[in-house]
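Student: Numbering (the numbering used here), first residue to last: 73 to 645. Glycine is no exception: its CB is placed at the ideal position from the N, C-alpha and C atoms.
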Amino acid sequence: MNKTFKRKKLGDILVDNQTITPEQLTFVIDKLKSTSERFGAICLNEGLITDADLARALAEQFGLEYIDLQDFKHDETVLELLPPDAMQRFHFVPLELLGDALVVAISDPTDVLKLDEMELLLDRPVILKIAPESQILILLKKGEGARSVLKEVSEDFMLQLVTETEKGEEVLSVEKISADTSPIIKLVNSTILDALNRRTSDIHIETTQEGVIIKYRIDGVLYKATEPIDLHFQGPIISRLKVMSELDISERRIPQDGRFKVRINGKSIDFRVSIMPSAFGEDAVIRILDKESIATDLKGLTLETLGMDSREIKRFRKMIKEPYGMVLVTGPTGSGKTTTLYGALTEIHSGEEKIITIEDPVEYVLRGIVQIPVNEKKGLTFARGLRSILRHDPDKIMVGEIRDPETAQIAVQSALTGHLVFTTVHANNVFDVIGRFTHMGIDPYNFVACLNCVMAQRLVRKICPKCKYPVVIPDEKLIESAIDPERCRNVTFYEAKGCDDCNGTGYRGRSAIVELLDLNDEIRELIIAKASAIQLKKAAKEAGTVFLRESAVEKVLAGDTTLREINRVTFVE
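Structure, rendered in structure tokens:
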């Protein structure tokens with residue numbers, strides 16, 4: 073006599089595991105009658121269970137093994153065996169090879185037809201394990217990203233190149249540019265997609281003796297994205313970038329700068345391209361200006377989200393709420409100066425005052441604020457734009473950068489005539505700024521009279537919370553870094569070993585360290601009297617200025633970053 077196998081119901085398993093109560097089970101069963109949704113989906117939507125609870129219950133129901141993929145890393149050799157878009161199409165993560173069979177993690181074992189189709193496509197036996205849906209989604213993104221640069225990309229992925237015309241925007245799909253989707257177009261497109269997935273700020277394409285090397289700048293540091301690509305691809309890659317940026321393909325001996333805009337999944341992203349001749353051909357650097365991701369990362373661009381110390385935020389807020397004067401932020405390229413000013417403008421914007429900015433380029437669109445991009449080809453420079461801004465009756469002005477004496481002169485005059493001017497200048501610390509302006513021919517008395525504050529800024533990488541571990545730092549190393557060992561007796565120092573979350577770097581994200589000089593009467597008099605830097609530093613310290621190095625040390629003692637990182641960004645004075 074044949075016995076029929078009866079599979080235990082999912083609801084009963086969840087009740088037996090005490091994940092849901094019998095009352096909750098009755099509630100879900102009642103809801104099933106009036107909807108086409110499945111039992112597990114209703115439980116998830118109602119917040120009764122997590123996707124991990126559902127995965128465990130499904131594993132028990134189907135007699136399969138449950139696996140937690142939290143710390144799982146893709147094996148490149150296993151990925152090599154798969155057709156390009158198989159993981160995305162069938163929603164699985166390949167775990168390992170067991171003889172001929174491939175062990176995979178899935179989240180839904182109920183779709184038998186799909187599983188059969190997957191086995192046919194892979195052309196090998198498949199051993200199933202069950203994992204939470206959210207973990208599979210994260211690994212799918214990482215797995216495709218890691219190999220998308222040199223592999224075929226999914227057929228439905230399509231970059232749309234946007235060109236500016238007299239009538240507005242015209243969208244050019246990749247097909248319009250090239251009837252046959254060439255490997256070079258796929259390579260460039262997939263590099264851009266991969267870079268965006270990895271939070272990259274710049275893509276470097278370098279030509280060396282070994283071949284073409286693609287590098288990404290993530291959190292301020294360069295990482296190799298690929299193995300060297302054969303040198304004969306160098307010309308077509310650079311030509312493709314020139315076509316996208318509307319540059320001269322035939323000119324290979326002089327630097328060229330351009331820009332292009334791409335639409336991916338309905339989101340517009342700007343790219344600035346710089347092409348430079350080098351010993352082995354041409355090199356390119358692509359700066360990614362992902363305005364929407366800036367908005368997401370900074371959760372609305374407030375000073376808190378930049379990671380500044382609360383003590384400095386309090387002092388800085390006081391300066392940016394002054395009715396007139398100049399707020400100056402200084403630091404090297406990529407130290408977050410513009411982002412800090414965006415944060416300041418967002419905080420003071422109430423809708424009652426006219427705020428106008430002139431920038432090169434406009435990196436992030438601020439709602440309710442008039443933003444003007446510099447266009448030197450058409451004659452719109454910072455100085456010329458600033459003159460026009462003053463005729464538009466502004467209350468607050470932001471000048472992206474002071475590069476020349478003319479812009480400096482107009483900015484100082486604007487601050488003296490009742491406007492609040494926000495601007496940036498390249499200098500190493502707050503005291504170097506004063507010398508910069510004096511060299512530009514600005515009268516020290518006028519400059520000091522209009523200046524509310526100067527803030528020097530750097531960005532330090534934050535230690536990855538997933539893979540950080542405590543370390544003991546010897547006293548000699550602390551003394552070398554000018555840190556008093558006695559101060560650190562009850563402090564835990566951290567390093568990180570690197571994980572999938574931080575791309576194996578040990579760091580994820582960055583936060584600002586600042587040195588804020590509040591110009592009181594004593595400091596103003598010292599500057600006009602051309603006092604030495606030592607006297608100025610002493611007066612600044614008494615007035616409450618915390619210098620960059622000390623600000624960095626505080627981040628280490630708080631466990632936010634590592635000693636190695638602050639020694640890279642700042643130096644012992």
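Have a look at the DSSP bridge pairing and note the partners of V493.
Tutor: As a beta-bridge residue in DSSP terms, V493 pairs with M398 and I469.
Student: Touch check for the region 263 to 273 and the region 319 to 326: three-plus C-beta pairs under 8 Å?
Tutor: no
Student: So what does DSSP say about K287, is it helix, strand or coil?
Tutor: strand
Student: Measuring straight from C-alpha to C-alpha, what distance separates D556 and A127?
Tutor: 51 Å
Student: What residue range is occupied by the uninterrupted beta strand (DSSP E) comprising P166?
Tutor: Per DSSP, the unbroken beta strand (DSSP E) holding P166 starts and ends at V165 to L170.
Student: Would you identify the three-state DSSP class for T98, choosing helix, strand or coil?
Tutor: Taken through DSSP and simplified to helix, strand or coil, T98 comes out as helix.
Student: Is the distance from the Cβ of S350 to the Cβ of T412 below 8 Å?
Tutor: no
Student: Runs of 3 residues minimum, wholly inside the region 286 to 326: which ones carry the beta strand (DSSP E) assignment?
Tutor: 293 to 296
Student: In three-state terms, what does DSSP make of D195?
Tutor: coil
Student: Around the Cβ of Y517, are there at least 16 other Cβ atoms within 10 angstroms (buried) or fewer (exposed)?
Tutor: Result: exposed.
Student: Leaving out the 5 sequence neighbours to the left and right, which residues in its chain are closer than 6 Å to V493 when beta-carbon positions are compared?
Tutor: M398, I469, A483, S486 and A487
Student: Between R530 and S422, which are expected to be in contact by the criterion C-beta below 8 Å, what is the C-beta distance as a whole number of angstroms?
Tutor: Rounded, the Cβ-Cβ distance is 30 Å, inconsistent with contact.
Student: Could you tell me whether the Cβ atoms of T633 and I535 are closer together than 8 Å?
Tutor: yes
Student: Would the beta-carbon of I301 fall within 8 Å of that of V284?
Tutor: yes
Student: Going by C-alpha to C-alpha distance, which of R621, S346 and G112 sits closest to V100?
Tutor: Nearest neighbour of V100 by Cα position, chosen from R621, S346 and G112, turns out to be G112.
Student: At the level of alpha carbons, what is the spacing between K540 and T374?
Tutor: 27 Å
Student: Are the beta-carbon atoms of S254 and D123 separated by less than 8 Å?
Tutor: no
Student: State yes or no: is the C-beta of D467 within less than 8 Å of the C-beta of I427?
Tutor: In this structure, D467 lies near I427, with their beta-carbon atoms less than 8 Å apart.
Student: For E189, which residues in the same chain have their Cβ closer than 8 Å to its Cβ, ignoring the five residues on either side in sequence?
Tutor: Cβ within range, chain order: F162.
Student: Could you give the residue range of the alpha helix (DSSP H) that holds L339?
Tutor: The sequence shown places Lys at residue 339, not Leu. First-last for K339: K339 to S350, but that is the beta strand (DSSP E), not the alpha helix (DSSP H).
Student: So the candidates are Y579, G353 and R331; which of them puts its Cα closest to the Cα of F343?
Tutor: R331
Student: Give the range of the alpha helix (DSSP H) segment to which P516 is assigned.
Tutor: P516 to C522
Student: Please tell me whether T479 and F454 are closer than 8 Å, where the distance is taken between their beta carbons.
Tutor: yes
Student: Quick check: the Cα distance between P308 and L259, rounded to an integer number of angstroms?
Tutor: Counting only the Cα atoms, L259 lies some 11 Å from P308.
Student: Mapping DSSP to helix, strand and coil, what is M527?
Tutor: It is a strand residue.
Student: When the cut-off is 8 Å and only beta carbons count, does T411 lie next to chain B?
Tutor: Structure shown: chain B not included; a single protein chain is present.
Student: With DSSP collapsed to three states, give me the class of T634.
Tutor: coil
Student: Kindly give me the distance between the Cβ atoms of L635 and V563, rounded to whole angstroms, as I take these residues to be in contact under 8 Å.
Tutor: Not confirmed; about 11 Å, so no contact.
Student: Tell me where the alpha helix (DSSP H) around L488 begins and ends.
Tutor: P477 to L488
Student: Taking 8 Å as the cut-off, decide whether the C-beta atoms of V446 and E431 are in contact.
Tutor: Going by C-beta atoms, V446 is nearer than 8 Å to E431.
Student: Since Q133 is in the alpha helix (DSSP H), which residue starts that stretch and which ends it?
Tutor: D123 to F134
Student: Using only the alpha-carbon positions, how far apart do M380 and R596 sit?
Tutor: Per the coordinates, the alpha-carbon of M380 lies some 26 Å from the alpha-carbon of R596.
Student: Can you tell me whether K569 is helix, strand or coil according to DSSP?
Tutor: Here DSSP, grouped into helix, strand and coil, assigns K569 to coil.
Student: Between K81, L120, E148 and R463, which has its C-alpha nearest F134's C-alpha?
Tutor: It is K81.
Student: Less than 8 Å between the C-beta atoms of A158 and I199, yes or no?
Tutor: no
Student: According to DSSP, simplified to helix, strand and coil, what is E434?
Tutor: The displayed chain sequence assigns Val, not Glu, to residue 434. Residue state, collapsed to three classes: coil.
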